[in-house]
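Participant: Have a look at this one before I ask anything.
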Amino acid sequence: MIEIWYAILTFMLIMFVVLEGFDFGAGMLQYLVGKTEAERRLVIAAIGPLWTWHEVWLVGFGGTLMVSFPNVMASAFAGFYLAFFLLLWALVLRGVALEVSGQIAEPLWRTGWHVVFVAANFLLAILIGTALGNIVRGVPLDANGKFALDFFTNFSPSGNVGILDWYTVSVAVFVIVIFAAHGATVLVLKTTGPVHDRSVRIASLLWKTILVLLAGITLESWHVRPELFSGMIHQPFGWLGLVAVAGGVPVIFTSLKNGRELSAVIGSGAFIAGLMTAGAAGVFPIMLHSTLAPENSLSAYQNAAAGNGLVIALVWWPLSLIFAVGYFTFIYRHYTGKVKPTEDMQTPY
Amino acid sequence: MVAKHQPVTLAAMEGRFHGGSNAELNVIGQPDEDQQRIDNPLYLPDALSILAFGHANSSVQGLDDFPKNEWPTNIELLYYAFHIMAGLGTLFILLMIIANIQRWRGRLEKSRGLLWALMLAFPFPYIATTAGWMTAELGRQPWLVFRLFRTSQGVSDVVGGGNVLFTLMGFTGLYFVLGVLYLFLIGREIAHGPQTISSTIKLEVSHD
C-alpha cells in the first residue's frame, strides 16, 4: 500500500514537471524565439489554454502528499516555508501575466507583462530545480523530524546545509536547461514559421548541452548521495527510468532532425519522466533524507497515514483521476495541432 | 447540517447565548458578550427551531450548553459575517423573484426602479461570498479538525512569526496589485460599453 502511494505521488509530480515544464520552458524562451510582438503572442497562444490544467497536478500532488504522508508534508512545508511562498508568488505572477498581457494592445503594457512572465518562468524553474536538488541532497532534519532551511549557509552540501549550495544550484541550472529544451521541443510541434525554425535550432542546441550537463549532475549526485545509485539499480522502477532516459535521447535527436515533431515531444517527456522515476526509485523509501544524522530521515514506511486512511483514499483517488484524464483528453483534442498566427491578437489566447 | 454536527458554531452564528426550545431567529441585533444577549433584537419567533430541526418546539442548544473553551474565538465577527451572508442571500432571492415575475409579464426591461436595484446590487454577491467564507473559517475555531485538533496545536514550531508576517505582507501586496489590476481592466471594459446593436445583430447572424 505504501509503495503504491509513493508511486502515485511520483506519478503526479512527474505529470506536473513534464506538462508544466514545457510551459515554463516555452515561457523562458519567449524573447529568444519571438522577435516580433506577433511571434511572442504565438508562443503564448501555444501554451495559453493549457497551463491552468497543468498546474492542477501540483495542487493534486500537495493534496495527495497530505493524505498519504502527512508527517512528510508537515515537515517539508514548514521547512521550505519561504521557498514555497516564492513558488506561489511566482506562479501567481506568471498566471496573471499570461492572462492580462493580451488585454491591451499597448507596447508598454505588453512588454511589461512579458518581462514579468519570462522572469517568473525562470524563477519557477530555479525553484523547482532547487527543490529537486534538496530532496536528493537531503535537509537538516532533527530528531523530531523537523527542519528549517535558510536560503544560504556555506554552500556546502553536507552538515548544516542551506537551500542553495553548489549541488542544488547546479541542479537548478540543469532544470532550467531541461525545461527550456522541453519547451522548445513543444514549440516546434505547436508553431509554424520563424518561431518554429528558431525553436528547432534552440531545441537541438539545448538537448546537446543537456547531455554534457547530465554527465556532470550524475557525478555530483554520486558524490552528494551515493545511495541514490545503489538504490536505483535494485529497483525495477529505477531500471524503467534509466531505460526511458536512454531511449528518450536518440528519439529526441533523430526526431528533431527528421521533423517528426510529436515523437520528439514524446522523447523529451520520456527523458524527463525517466530521470524523475529513476531518482524517486533511487531514494525510496527515504522521502526526506537528513544531512545531520541518517537515522533522522523520514522514511515512507514510518510516515504513511495511519489506519485505513490509505485504503479509503485508494478508492477515491482513481475517481478523481478519471475526471482529470477526461478533461485532459477533451482539452488536448480541442487544442490539438499548430496554432495559427491569426488566432489570437485581441483575446488573451 | 450545522445544527446537527457543530451546534456550538450554530449557536455563535445566531448569537444564541442561552439554549432552550422555541428558538427565535435573530434578523437584526448586536451580540453583547458581556451581557450574554442580543441588543436591540428583531427576531422571528420559533424560526430557528423550525429551520434547524423542523419543529417549533425543538430545543436548539445555546452557547451556555458548551464549555467556554469550545466557543468560537470571535463570536461577534462570526455573527455579523453570517448575518451579512444570510441577509444578502435573502435579498438576492427577493430580487430574483421580482425580476422573474416582471420578465414573465414582459416588463423587465421597462421597470426602471427594478433595473436600478439590480445594477446597484452588483457588489453584494462578492460581499456575500466573502462573508460566507468568513462564517466557515471563524465558525470552525478553535478547531483545525473538529473535536480532534486545536488551531493552537497546529502552529508550526520551526516557522517564526516574522516569517509569517513577511509572507502575509507579501500576499497582501500581491492581492492589492491584483485588485487594482482587476478594477482597471473591468473599468476599461465597462467604459467600452456594450456592443452596438448593429454589431450584436451581425454576431447573431454569424452564429447561425
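So the protein lines, in turn, are chains A and V. Our numbering applies: residue 1 is where the first sequence begins, and numbers increase by one. Our numbering applies: residue 1001 is where the second sequence begins, and numbers increase by one. Backbone N, C-alpha and C fix where the C-beta goes; we use that ideal spot for every residue, glycine too.
1. Between K146 of chain A and chain V, is the shortest Cβ-Cβ distance under 8 Å, so that the two count as touching?
2. Could you tell me which residues DSSP puts in a beta bridge with P318 of chain A?
3. What did DSSP end up calling Q1035 of chain V once you bin it into helix, strand or coil?
4. Just verifying my parser: in three-state terms, what is the DSSP assignment at N1022 of chain V?
5. Roughly how far, in whole angstroms, is the beta-carbon of V315 of chain A from the beta-carbon of M1 of chain A, given that I think they are within contact range, below 8 Å?
6. Can you look up R1150 of chain V in the DSSP assignment and give me helix, strand or coil?
7. For Y1235 of chain V, does the three-state DSSP call read helix, strand or coil?
8. Jot down the residue ranges of each uninterrupted beta strand (DSSP E) in the segment 1093–1168 of chain V, minimum 3 residues, whole runs only, in chain order.
9. Taking Cβ-Cβ distances shorter than 9 Å, what residues in chain A pair up with N1057 of chain V?
10. Terminal residues of the continuous beta strand (DSSP E) containing M287 of chain A?
11. Does the segment 36–50 of chain A touch the segment 191–200 of chain A, meaning 3 or more C-beta pairs lie closer than 8 Å?
12. Ends of the alpha helix (DSSP H) at Y81 of chain A?
13. What ranges does the alpha helix (DSSP H) occupy inside the segment 232–298 of chain A, keeping only unbroken runs of at least 4 residues that lie completely in it?
14. Going by the C-beta, is P1067 of chain V closer than 7 Å to any heavy atom of the ligand FAD?
15. Shorter than 8 Å from the beta carbon of Q235 of chain A to some beta carbon of chain V?
16. In the DSSP assignment, find the alpha helix (DSSP H) that holds V17 of chain A and state where it starts and stops.
17. For M1065 of chain V, would you say it is in contact with chain A, using Cβ-to-Cβ distances shorter than 8 Å as the test?
18. Return helix, strand or coil for S158 of chain A, following the three-state DSSP convention.
19. Can you pull the chain V residues whose beta carbon is under 7 Å from the beta carbon of T79 of chain A, in chain order?
20. Could you give the residue range of the alpha helix (DSSP H) that holds H175 of chain A?
21. Please decide whether L310 of chain A counts as near chain V, where near means a Cβ-Cβ distance under 8 Å.
22. May I ask which residues mark the beginning and end of the alpha helix (DSSP H) holding V1002 of chain V?
23. So for Q1030 of chain V, helix, strand or coil by DSSP?
24. Measuring straight from C-alpha to C-alpha, what distance separates G129 of chain A and F122 of chain A?
25. Between the Cα of M1096 of chain V and those of V:F1122, V:G1054 and V:N1069, spot the shortest distance and give me the residue it belongs to.
26. Of the residues that make up the segment 81–115 of chain A, which ones have a beta carbon closer than 7 Å to any beta carbon in chain V?
27. Using a threshold of 8 Å, state whether the C-beta atoms of A278 of chain A and L242 of chain A are closer than that.
28. Quick check on DSSP: helix, strand or coil for I1075 of chain V?
29. Along the segment 1164–1187 of chain V, what residues have a CB closer than 7 Å to any CB found in chain A?
30. Can you tell which of A:Y81, A:G274 and A:G267 has the C-alpha that lies nearest to the C-alpha of T1166 of chain V?
31. Leaving aside the five residues before and after N71 of chain A along the sequence, list all residues of the same chain whose C-beta is less than 7 Å from its C-beta, in chain order.
32. Do Q1006 of chain V and F1146 of chain V have their CB atoms nearer than 8 Å?
33. The alpha helix (DSSP H) spanning L211 of chain A covers which residue range?
Facilitator: Let me spell this out:
1. Output row for K146 of chain A: interface = yes.
2. Per DSSP, none; premise fails for P318 of chain A.
3. In the displayed model, Q1035 of chain V falls within coil according to three-state DSSP, outside both helix and strand.
4. Residue state, collapsed to three classes: coil.
5. Separation of the CB atoms of V315 of chain A and M1 of chain A is rounded to 12 Å, and the pair is thereby denied contact status at 8 Å.
6. Looking at R1150 of chain V - three-state DSSP - the assignment turns out to be strand.
7. Look at the range of chain V in this structure, 1001 to 1208, and you will see that residue 1235 of chain V is not part of it.
8. Contiguous beta strand (DSSP E) elements confined to the segment 1093–1168 of chain V occur at 1143–1145, taking only those with 3 or more residues.
9. Think of a sphere of 9 Å around the beta carbon of N1057 of chain V: no beta carbon from chain A falls inside it, the nearest being about 40 Å out.
10. Start and end: I286 to L288.
11. They touch, by the three-pair rule.
12. Y81 of chain A -> alpha helix (DSSP H) spans Y81 to V100.
13. Listed in chain order, the alpha helix (DSSP H) runs fully inside the segment 232–298 of chain A are 236–258 and 261–283, counting runs of at least 4 residues.
14. Questions concerning the ligand FAD fall outside what the structure shown contains, since it holds no ligand whatsoever.
15. So no, Q235 of chain A is outside the interface.
16. Going by DSSP, V17 of chain A is part of the alpha helix (DSSP H) stretching over I2 to M28.
17. Before going on, a small fix: residue 1065 of chain V reads as Asp here, not Met. No - not a single Cβ of chain A is within 8 Å of the one on D1065 of chain V.
18. Of the three classes helix, strand and coil, the one that applies to S158 of chain A here is coil, per DSSP.
19. The amino acid occupying residue 79 of chain A in the given sequence is Gly; Thr does not appear at that position. Residues of chain V with a Cβ closer than 7 Å to the Cβ of G79 of chain A are, in chain order, V1158.
20. Rather than His, the amino acid found at residue 175 of chain A in this sequence is Val. It spans W166 to K190 - the alpha helix (DSSP H) in which V175 of chain A sits, taken as one unbroken run.
21. It does not; no Cβ of chain V falls within 8 Å.
22. Run containing V1002 of chain V: V1002 to H1005, per the alpha helix (DSSP H) assignment.
23. If DSSP states are grouped into helix, strand and coil, Q1030 of chain V belongs with the strands.
24. The alpha-carbon separation between G129 of chain A and F122 of chain A amounts to approximately 10 Å.
25. Residue nearest to M1096 of chain V within the set V:F1122, V:G1054 and V:N1069 is V:F1122 (criterion: CA-CA distance).
26. Within the segment 81–115 of chain A, those residues whose Cβ lies closer than 7 Å to any Cβ of chain V are, in chain order, Y81, L82, F85, W89, V92, V96, V100 and Q103.
27. Contact annotation: A278 of chain A and L242 of chain A have beta-carbon atoms nearer than 8 Å.
28. I1075 of chain V: helix per DSSP, three-state reduction.
29. Cβ contacts with chain A come from T1167, G1170, L1174, L1178, L1181 and L1185.
30. Looking at the sequence provided, one finds Phe at residue 1166 of chain V rather than Thr. Closest by alpha carbon: A:Y81.
31. Here the set comprises G145, L298 and N303.
32. In this structure, F1146 of chain V lies closer than 8 Å to Q1006 of chain V by Cβ.
33. Counting along the chain, the alpha helix (DSSP H) containing L211 of chain A begins and ends at G193 to V224.
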